[in-house]
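When the count follows the numbering used here, it moves up by one through the sequence shown with no breaks and lands on 112 for the last residue. Beta carbons: idealized from backbone N, C-alpha and C, even for Gly. What you are looking at is a predicted structure, and each value in this text was computed from that prediction instead of being measured.
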Amino acid sequence: MSSSPEPLPAQTTERTASSPAITRFKALLRQIIRVTIKDKRIFLGTLVGTDNSLNIILVSTEEYSISLEDGSSTSRYVGQVMIPWHLVTKVEAEAQWEERMPGLGEEGVA
Numbered sequence: 003m004s005s006s007p008e009p010l011p012a013q014t015t016e017r018t019a020s021s022p023a024i025t026r027f028k029a030l031l032r033q034i035i036r037v038t039i040k041d042k043r044i045f046l047g048t049l050v051g052t053d054n055s056l057n058i059i060l061v062s063t064e065e066y067s068i069s070l071e072d073g074s075s076t077s078r079y080v081g082q083v084m085i086p087w088h089l090v091t092k093v094e095a096e097a098q099w100e101e102r103m104p105g106l107g108e109e110g111v112a
């Protein structure tokens, strides 16, 4: 006979739901973020969440690729994407890259 798991105590649930990491993540929802993956592609899109495996879900996303041979870049609109967590090497919020490259946030990626 199988039994359902016991629910977490209310105190544990409240503490988890208001942890600093969860609070910071919630602040990023509906914000534009830049995700770099292992093959050096960059995805620039609006963060709408993660799934249980912590894959990143973006909407209104552009994908950027830079050729290692000649330095040329290409971009394409990919819409909604799910980026597997194990491919992610860097995640940046818009404020982080504006600090390094002033003026880039309003006009997009050059």
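By the neighbour-count definition (other C-beta atoms within 10 Å, threshold 16), VAL50 is an exposed residue. Beta-bridge pairing by DSSP links VAL61 to THR48. Counting every other CB atom within 10 Å of its CB across the protein chains shown gives ARG32 a total below 16, marking it as exposed.
Here the C-alpha atom of PRO86 lies approximately 16 Å from the C-alpha atom of THR48. In the displayed model, ARG43 falls within coil according to three-state DSSP, outside both helix and strand. GLU96 sits in a helix when the DSSP states are folded into three classes. Taking the Cα of THR91 as reference, the smallest distance to any Cα among VAL80, LYS28, LYS40 is reached at LYS40.
Around the beta carbon of ILE35, 16 or more other beta carbons lie within 10 angstroms, which makes this residue buried. Between THR52 and VAL83, the C-beta spacing is not below 8 Å.
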